[in-house]
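Undergrad: So the sequence shown is numbered by the working numbering: it starts at 8 and just counts up by one.
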Amino acid sequence: MSEEAQHDIYPSMTVAKECGNSQIEPLQLGKRLKEIRMSHGLTLEEASKRTGLARSTLSKIENEQISPTFQAMQKLAGGLNVDMPQLFAPPRQTRTTGRRDITRDNEGKPHPTSTYEHELLATQLTNKKMMPFKSQVRAREFKDYPDWIRHDGEEFLLVLSGEITFFSEFYEPVNLAQGDSVYYDANMGHMLVSVSEDDAHILWVTAS
């Protein structure tokens with residue numbers, strides 16, 4: 008698959024350059040990535056060797072020219088020896104127990120792609136084992152995806168509104184309506200499309 012074709016694979020968290028809510032700041036993933044790389048004293052070439060991503064790809068990510076796929080973010084986190092949430096927000100100065108992070112309705116980090124409108128939740132917590140986010144499912148056909156989506160970890164999906172068809176590599180497609188949910192191994196090929204008149208909205212929780 009070409010590099011360009013991978014950019015919109017779920018959750019291809021494209022940096023939101025604009026947002027209607029002025030209280031929400033677009034995520035500057037490229038800037039954050041460069042900060043982490045520089046803090047490790049790494050050149051782009053050295054970071055490329057550590058992460059397995061091309062030097063040109065890293066440069067484009069840092070300059071907000073492209074957005075990394077979920078799989079690429081896993082490589083970045085592993086190669087730079089940080090937890091994935093640290094790619095989205097600077098770590099807190101101190102670590103405490105009994106943590107919590109409240110995300111008000113429509114105040115998550117927005118990430119629109121050609122197939123989804125993602126909204127990352129609980130982005131201020133670092134070293135967490137789950138990544139929760141809400142998504143509006145734009146995709147309408149199986150062919151909207153260039154390939155199966157696969158990544159490490161386990162995933163839980165809950166339909167908040169509308170209806171989707173959930174495709175998975177080893178099972179027959181299944182329709183899920185409001186209130187329905189599915190839990191699955193994320194390294195199994197999967198994808199979903201909206202089948203309701205309006206785009207479906209879902210809650211996703213990815214665990215490493």
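We put the CB at the ideal spot given by N, CA and C, even for glycine. All values reported here derive from a predicted model rather than from experimental measurement.
Would you mind reading off the limits of the alpha helix (DSSP H) that contains S63?
TA: The count along the sequence shown starts at 1 and reaches residue 63 at position 56. R62 to E69 is the span of the alpha helix (DSSP H), which, as asked, contains S63.
Undergrad: Go to S188, then tell me how far its beta strand (DSSP E) extends in each direction, as first and last residue.
TA: In the sequence shown, residue 188 corresponds to position 181, counting from 1. Counting along the chain, the beta strand (DSSP E) containing S188 begins and ends at S188 to D192.
Undergrad: Quick check: what's the CA-CA separation for S46 versus L199?
TA: Position 39 of the sequence shown holds residue 46. Position 192 of the sequence shown holds residue 199. Distance between the alpha carbons of S46 and L199: 38 Å.
Undergrad: Can you give the beta carbon distance from R62 to E71, rounded, assuming they're within the 8 Å contact cut?
TA: For the purposes of this step, residue 62 is identified with residue 55 of the sequence shown, where counting begins at 1. For the purposes of this step, residue 71 is identified with residue 64 of the sequence shown, where counting begins at 1. Incorrect: roughly 17 Å between the Cβ atoms, too far for contact.
Undergrad: Can you list, in chain order, the residues of its chain with a C-beta nearer than 6 Å to that of F163? Leave out the 5 residues immediately preceding and following it.
TA: As a working mapping, residue 163 is identified with position 156 in the sequence shown. Answer for F163: Y190 and V212, listed in chain order.
Undergrad: Is K141 near L210, with beta carbons less than 7 Å apart?
TA: Here residue 141 is taken as the residue at index 134 of the sequence shown, counted from 1. Here residue 210 is taken as the residue at index 203 of the sequence shown, counted from 1. Going by C-beta atoms, K141 is nearer than 7 Å to L210.
Undergrad: Determine contact between the region 153-169 and the region 70-85, defined as no fewer than three beta-carbon pairs at a distance below 8 Å.
TA: With the cut-off at 8 Å, the region 153-169 and the region 70-85 touch.
Undergrad: Tell me the rounded alpha-carbon separation between F174 and G48.
TA: Counting from 1 along the sequence shown, the entry for residue 174 is found at position 167. Counting from 1 along the sequence shown, the entry for residue 48 is found at position 41. In a straight line, the C-alpha of F174 is about 43 Å away from that of G48.
Undergrad: Checking 7 Å against the spacing of the C-beta atoms, do K41 and G59 come in under that value?
TA: The residue labelled residue 41 in the question sits at position 34 within the sequence shown. The residue labelled residue 59 in the question sits at position 52 within the sequence shown. No.
Undergrad: Does the Cβ of V181 have 16 or more other Cβ atoms within 10 Å, making it buried, or fewer, making it exposed?
TA: Working through the sequence shown from its first residue, we reach residue 181 at position 174. Under this definition V181 is an exposed residue.
Undergrad: Can you give the beta carbon distance from D151 to T122, rounded, assuming they're within the 8 Å contact cut?
TA: The residue you call residue 151 lines up with position 144 of the sequence shown. The residue you call residue 122 lines up with position 115 of the sequence shown. The Cβ separation is near 6 Å, so the contact holds.
Undergrad: Report the residue from T120, L94 and L128 whose alpha carbon sits nearest the alpha carbon of T110.
TA: Taking the first residue of the sequence shown as position 1, residue 110 is located at position 103. When each option's Cα is compared against that of T110, the closest is L128.
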